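Enquirer:
Residue numbers (the working numbering): 1193 to 1473.
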């Protein structure tokens, strides 16, 4: 009950702020695409209060854009449909050329990919997965497909890929034993485990990569990009913004750092290196 009250209060604060911002309301909202790692409803619950707050503070109204699949969202972004992206799918050579600019990322040490199994699974090594079904997010997923599949290929392990659509769907299929293992984002998996009281263990863990980032379409005016960036970064130091971030962390069962920090394209160079050397085709 306490958690619902905190989340509801934060959402009401964000909505009330939007109603008292006639300058922002008069402008056409810019599309802010979020790669949803969880269900659409949970993603919307988390991001809508943040975007309402940032839109009011920056004077640049933002509208959350979600799609049924990552492929659909990526295709729209490739066509220039969104002003801002929250993703880590745009560091492939083809998408890197589109010119999206990294402006911010969640605070924290970064993310890792893992291949995980239930804690009581008889599987003890990657080799034990040979011929078995393994859950992956989609063919675009970085921590949920590219990294874990590359690790399996380098270990000469052939698995049957089961595509689930989002990170938590992979975790859920693992929890009910529909798959032998899952390739996941370690942070998302940990939060899922805490929410669902699901114990698991990792067979393999990748090196660290920066978290998903906020990227700006190169066609968005620089002053609007700077305003949105400033509002995101300043959120944790503003009592109203911090309350929204705390409600979001409670919603996701996150115990990491709050808020967003400045980021640059070069912070994601190890993504680019991976795509140049991966065995995944």
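C-beta: ideal position from N, C-alpha, C; glycine also. Owing to the predicted nature of the structure, the values given are computational and were not obtained by experimental measurement.
To the nearest whole angstrom, what separates the beta carbons of residue 1254 and residue 1222, a pair I think is in contact under 8 Å?
Expert: 6 Å
Enquirer: Which whole-angstrom value describes the C-beta separation of residue 1280 and residue 1334, a residue pair presumed to lie in contact below a C-beta threshold of 8 Å?
Expert: 5 Å
Enquirer: Under a Cβ-count criterion, where at least 16 other Cβ atoms within 10 Å of its own Cβ denotes burial, should residue 1543 be classed as buried or exposed?
Expert: The question about residue 1543 has no answer, for the chain in this structure spans 1193 to 1473.
Enquirer: Identify the residues that DSSP records as bridge partners of residue 1328: which are they?
Expert: 1355
Enquirer: So if DSSP puts residue 1255 in a beta bridge, which residue, or which two residues, is it bridged to?
Expert: Beta-bridge pairing links residue 1255 to 1223.
Enquirer: Give the secondary structure of residue 1303 by DSSP, where H, G and I count as helix, E and B as strand, and everything else as coil.
Expert: strand
Enquirer: Does DSSP put residue 1455 in a helix, in a strand, or in coil?
Expert: The answer is coil: DSSP assigns residue 1455 none of H, G, I, E or B.
Enquirer: To test your reading of the DSSP string, which unbroken beta strand (DSSP E) runs of 3 or more residues are found completely within the region 1237–1298?
Expert: 1254–1257, 1276–1279, 1293–1298
Enquirer: Given 8 Å as the limit, is there contact between the region 1335–1351 and the region 1287–1306, that is, 3 or more CB pairs closer than that?
Expert: yes
Enquirer: For residue 1397, I'd like the list of residues in its chain whose CB is within less than 6 Å of its CB, leaving aside the five on either flank, ordered along the chain.
Expert: Closer than 6 Å at the Cβ level, and outside the excluded window around residue 1397, lie 1304, 1306.
Enquirer: Just confirm the distance between the C-beta atoms of residue 1299 and residue 1451, as a whole number of angstroms; I'd bet it's less than 8 Å.
Expert: Indeed, because the Cβ distance is near 5 Å, the residues count as touching under 8 Å.
Enquirer: Extract the residue ranges of the beta strand (DSSP E) inside the region 1390–1430, only unbroken runs of 3 or more that lie entirely within it.
Expert: 1392–1397, 1405–1408
Enquirer: Please report the residue range of the beta strand (DSSP E) in which residue 1373 lies.
Expert: 1373–1377
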